[in-house]
Amino acid sequence: MIPEDLRYTAEHEWVAGDGSGPVRVGITHYAQDALGDIVFVQLPDEGTEVAAGDSLGEIESTKSVSEIYAPIAGTVVSKNATLADEPELINAEPYAAGWLVEIAPADAGAVSQLLDAAAYKALTES
4 MIPEDLRYTA EHEWVAGDGS GPVRVGITHY AQDALGDIVF VQLPDEGTEV
54 AAGDSLGEIE STKSVSEIYA PIAGTVVSKN ATLADEPELI NAEPYAAGWL
104 VEIAPADAGA VSQLLDAAAY KALTES
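Numbering-wise, this note's numbering comes out as the position in the sequence shown, counting from 1, plus 3.
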């Protein structure tokens, strides 16, 4: 379950979009599977400036609390408000309704520097 059209981080976030406009960010199927049942999500407010690698918030599951990291630098332009009431969407649809935030990139080329599907697959299988 590693969509070919997305980019990935070693911290198990995915990015949809090429960076020419806002990109959508979420956690991968691998990450949600490792976390178990997700019960709470804390996300940044719109307008928050983030640097690549900064904490974007937290995901709490029945097993643990995990940080979410910004895959690229930019400004948070929206967050998935539905997750406040339905955090389990991340488990059910990590690449669709379970997205986390949208970020307007500071550098349009940053997305292309992330892992492609083959590299992410290799990472998760090692």
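A virtual CB, placed ideally from N, CA and C, is assigned to each residue, including glycine.
I'd like the list of long-range same chain contacts for G77, defined as Cβ closer than 7 angstroms, with 5 residues on each side in sequence excluded.
Around G77: V53, I106, A107, P108 and A109.
Among the candidates V104, H32 and V26, whose CA atom is the shortest distance from the CA of A120?
The candidate whose alpha carbon is nearest that of A120 is H32.
Whole angstroms are fine: how far does the CA of Y123 sit from the CA of L117?
Their Cα atoms are separated by approximately 9 angstroms.
Compare the beta carbon distance of I62 and I41 with 9 angstroms and say whether it is the shorter of the two.
yes
Backbone secondary structure at I75 - three-state DSSP
coil
Considering only the beta carbon of each residue, do V28 and L92 sit closer than 9 angstroms?
no
Restricting to Cα atoms, I'd like to know which of A95, A55 and T65 is closest to Y11.
A55
Where D8 and A19 are concerned, what is the direct C-alpha to C-alpha distance, given to the nearest angstrom?
Going from the Cα of D8 to the Cα of A19 covers about 7 angstroms.
Applying the 10 Å Cβ sphere with the 16-neighbour rule, what's the burial state of E128?
exposed
Among S64, K66, P47 and T65, which residue has its Cα nearest to the Cα of D57?
P47
Inter-residue Cα distance where the pair is S115 and E16
14 angstroms
Opposite S58 in the DSSP bridges: which residues?
Y72
In terms of residues, what are the limits of the beta strand (DSSP E) holding T19?
The sequence shown places Ala at residue 19, not Thr. It spans E16 to A19 - the beta strand (DSSP E) in which A19 sits, taken as one unbroken run.
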